[in-house]
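J.:
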Amino acid sequence: MRLPFFYGWVVVAVTFVTMAIGVNARTAFSLFFPPIISEFGWERGVTAGAFSFGFVASGVVSPLIGRLMDRAGPRAVMELGVLLMGGGLLLAPLTSAPWHLYVTIGVMVGAGSVCLGYSGQSLFLPNWFIRKRGFAIGIAFAGVGIGSVTLLPWVQHMIEQTGWRTACTAMGLLVLIALAPINLLLHKRPEDIGLQPDGDAAPAAGAARPISNVVDPVWVNTDWTLQRAVATARFWWIALGYFCGLYIWYAVQVHQTKFLLDVGFSPSVAVWALGMVSLLGIPGQIVLGHVSDRIGREWVWAISCAGFVVCFAALIALKYQASLWLVYLMVFTQGALGYGLTSIMGAVVFEIFQGRHQGSIFGTIMLAALAGGAAGPWLTGVLYDRAGDYTLAFGIAIAVSGLSAFAIWRAAPGKVRAVAGRLHKLKTEALRRAGEGDAGEA
Numbered sequence: 003m004r005l006p007f008f009y010g011w012v013v014v015a016v017t018f019v020t021m022a023i024g025v026n027a028r029t030a031f032s033l034f035f036p037p038i039i040s041e042f043g044w045e046r047g048v049t050a051g052a053f054s055f056g057f058v059a060s061g062v063v064s065p066l067i068g069r070l071m072d073r074a075g076p077r078a079v080m081e082l083g084v085l086l087m088g089g090g091l092l093l094a095p096l097t098s099a100p101w102h103l104y105v106t107i108g109v110m111v112g113a114g115s116v117c118l119g120y121s122g123q124s125l126f127l128p129n130w131f132i133r134k135r136g137f138a139i140g141i142a143f144a145g146v147g148i149g150s151v152t153l154l155p156w157v158q159h160m161i162e163q164t165g166w167r168t169a170c171t172a173m174g175l176l177v178l179i180a181l182a183p184i185n186l187l188l189h190k191r192p193e194d195i196g197l198q199p200d201g202d203a204a205p206a207a208g209a210a211r212p213i214s215n216v217v218d219p220v221w222v223n224t225d226w227t228l229q230r231a232v233a234t235a236r237f238w239w240i241a242l243g244y245f246c247g248l249y250i251w252y253a254v255q256v257h258q259t260k261f262l263l264d265v266g267f268s269p270s271v272a273v274w275a276l277g278m279v280s281l282l283g284i285p286g287q288i289v290l291g292h293v294s295d296r297i298g299r300e301w302v303w304a305i306s307c308a309g310f311v312v313c314f315a316a317l318i319a320l321k322y323q324a325s326l327w328l329v330y331l332m333v334f335t336q337g338a339l340g341y342g343l344t345s346i347m348g349a350v351v352f353e354i355f356q357g358r359h360q361g362s363i364f365g366t367i368m369l370a371a372l373a374g375g376a377a378g379p380w381l382t383g384v385l386y387d388r389a390g391d392y393t394l395a396f397g398i399a400i401a402v403s404g405l406s407a408f409a410i411w412r413a414a415p416g417k418v419r420a421v422a423g424r425l426h427k428l429k430t431e432a433l434r435r436a437g438e439g440d441a442g443e444a
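Shown next as structure tokens:
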């Protein structure tokens with residue numbers, strides 16, 4: 003039975019819910035952290051290391067998840083993620099030693115988050131859309147923001163009323179009960195169920211062919227294996243851009259609350275700032291995803307990086323003038339602009355290396371991205387310890403933001419495939435060439 007709308011929007015809805023629960027289930031560790039320390043009396047570094055160790059687990063499994071996507075599709079990847087994350091959250095309440103947290107919250111939840119989070123969803127969601135690719139991904143990934151303002155307060159309330167173990171168990175059950183069934187609705191690409199991207203009708207015999215979005219036919223017609231991709235400069239430019247992108251993302255996310263407290267703001271302002279960044283990320287991802295479909299992925303990546311530049315500049319300025327207006331500027335540019343990075347991460351790779359092995363290629367690139375996510379908070383903290391303040395660290399983050407924008411510009415996805423808003427230029431160019439050919443024959 004045919005639906006009255008394109009099935010791709012079902013895929014977007016499933017991804018939205020999965021991201022809302024799956025990403026925030028991992029983020030909830032920050033809420034479990036204080037009561038765990040209070041109960042066991044462990045050192046903060048040892049306890050927090052479980053979350054950091056999750057980045058290591060994420061990095062290890064990311065290329066493997068890409069291969070699994072290429073071979074078995076999104077259902078296998080998502081259900082594996084549900085099993086790992088749900089199992090980790092259900093086993094974590096049995097903790098009695100630090101290594102228990104490292105296995106459950108670190109390895110199991112960390113590895114599950116690769117499947118259910120940005121990396122896993124970006125392995126297949128771009129297949130479903132071409133003209134509306136950025137817009138659709140932006141809507142799907144906005145689920146993270148919705149989840150952060152609904153699920154996390156619920157988890158905190160449960161911790162206060164019944165303890166962290168009950169809250170952790172409830173979160174694990176939610177992952178299993180809500181996500182296991184809905185992810186059975188996923189398919190890797192529309193062609194698998196007889197559809198076309200964006201819900202377009204299949205071209206009729208003898209009908210005029212639609213304008214192709216291919217700019218570089220030689221590149222597009224190459225069978226891009228991981229081995230071939232790694233041998234190209236574009237692969238390494240994307241890897242560098244993504245490393246830098248997650249570096250700046252997590253450098254500010256982890257350290258901004260402590261910084262605001264250090265310069266004299268109240269805990270309520272610091273908590274409000276962190277929450278508002280996630281809230282502003284919802285329209286930011288959707289709008290910038292849509293804009294990327296009109297002007298190109300490179301431009302939007304640069305806009306997002308510029309948002310982080312202003313964000314870090316505002317943080318540096320706050321050291322000298324603790325103004326609420328600077329906090330507002332920092333929050334807006336980080337959430338509404340900076341968070342736009344996620345809406346095009348999958349699109350950039352797919353438009354350059356689309357093919358049978360795109361999952362393996364994306365998964366390997368995400369290894370570099372996750373390394374950046376781990377390096378950003380760590381190096382920012384090290385620089386603070388050495389210098390005594392965050393000025394040097396935030397200044398370096400500004401330079402890293404610029405390097406990220408430059409790297410994606412050099413990767414140039416728009417020189418491989420054009421976005422919908424640029425198709426008119428390809429059409430004009432095709433008509434001009436056809437006119438020159440007719441003139442030559444005459």
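Using our numbering, the letters of the sequence shown correspond one by one to residues 3 to 444.
Ideal Cβ positions, reconstructed from N, Cα and C, are used throughout, including at glycine.
Check whether the segment 332-348 and the segment 289-306 touch, using three or more Cβ-Cβ pairs below 8 Å as the test.
T.: In short, these stretches touch, since the Cβ pair count reaches three.
J.: Suppose contacts are defined by Cβ-Cβ distances below 8 Å. Is GLY24 in contact with ALA59 by that definition?
T.: In this structure, ALA59 does not lie closer than 8 Å to GLY24 by Cβ.
J.: Here's a check: name, in chain order, each residue in its chain whose Cβ is nearer than 7 Å to the Cβ of ALA253, leaving out the five neighbours to either side.
T.: Counting only Cβ-Cβ distances below 7 Å, and skipping sequence neighbours, we find GLY378, PRO379, THR382, ALA399.
J.: How far does the alpha helix (DSSP H) with ASP387 in it reach, from first residue to last?
T.: ASP387 -> alpha helix (DSSP H) spans 360-389.
J.: Contact defined as beta carbons within less than 8 Å: I believe ALA371 pairs with LEU248. What is the distance between those atoms, to the nearest angstrom?
T.: So it is a contact: roughly 5 Å between Cβ atoms.
J.: Check for me: the alpha helix (DSSP H) holding ILE107 runs from which residue to which?
T.: It is not in any alpha helix (DSSP H) - ILE107 carries neither H nor E in the DSSP assignment.
J.: TRP130 and GLY10: beta carbons closer than 8 Å?
T.: In this structure, GLY10 lies closer than 8 Å to TRP130 by Cβ.
J.: Quick check: the Cα distance between LEU281 and TRP411, rounded to an integer number of angstroms?
T.: Approximately 28 Å between the Cα atoms of the pair.
J.: Quick check on this structure: which residue in LEU369, ALA30, ARG135, VAL116 has the alpha carbon closest to the alpha carbon of ILE297?
T.: The option with the nearest alpha carbon to ILE297 is ARG135.
J.: Tell me, please, which residues DSSP counts as bridged to VAL216.
T.: Answer is ARG419, bridged to VAL216.
J.: Give the single residue among GLN323, ALA99, ALA233, THR335 whose Cα lies nearest to the Cα of ALA304.
T.: Checked all of GLN323, ALA99, ALA233, THR335; the closest Cα to ALA304 is THR335.
J.: Count the other CB atoms within 10 Å of the CB of HIS159; is the residue buried (16 or more) or exposed (fewer)?
T.: HIS159 is exposed by the Cβ-count criterion.
J.: Excluding the 5 residues flanking PRO454 on each side, which residues of the same chain have their C-beta closer than 8 Å to its C-beta?
T.: Outside the modelled stretch of the chain, which goes from 3 to 444, sits residue 454, for which no answer is possible.
J.: With C-beta atoms as the reference, is LEU154 less than 8 Å away from ALA315?
T.: No, Cβ-Cβ distance for LEU154 and ALA315 is not below 8 Å.
J.: Got a sec, what are the start and stop residues for the alpha helix (DSSP H) PRO37 sits in?
T.: First-last of the alpha helix (DSSP H) with PRO37: 31-42.
J.: By the three-class DSSP mapping on this structure, what secondary structure does PRO76 have?
T.: It is helical.
J.: With H, G and I counted as helix, E and B as strand and the rest as coil, what does DSSP make of TYR392?
T.: DSSP places TYR392 in coil when its eight states are reduced to three.
J.: For a test of the three-state rule: what should DSSP assign to THR20, helix, strand or coil?
T.: Of the three classes helix, strand and coil, the one that applies to THR20 here is helix, per DSSP.
J.: Whole angstroms is fine: what's the gap from VAL105's alpha carbon to SER406's?
T.: About 33 Å.
J.: Can you tell me the Cα-Cα spacing of ARG230 and ILE363, whole angstroms?
T.: Between ARG230 and ILE363, the C-alpha separation is close to 10 Å.
J.: Could you tell me whether the Cβ atoms of GLY83 and GLY122 are closer together than 8 Å?
T.: Yes, Cβ-Cβ distance for GLY83 and GLY122 is below 8 Å.
J.: Give me, in chain order, the residues of the same chain whose beta-carbon lies closer than 7 Å to that of MET173; leave out the 5 immediate sequence neighbours on both sides.
T.: Cβ neighbours of MET173 beyond the five flanking positions: ALA27, ALA30, LEU91, VAL157.
J.: So the alpha helix (DSSP H) ASP200 belongs to, where does it begin and stop?
T.: ASP200 -> no alpha helix (DSSP H), and no H or E assigned at all.
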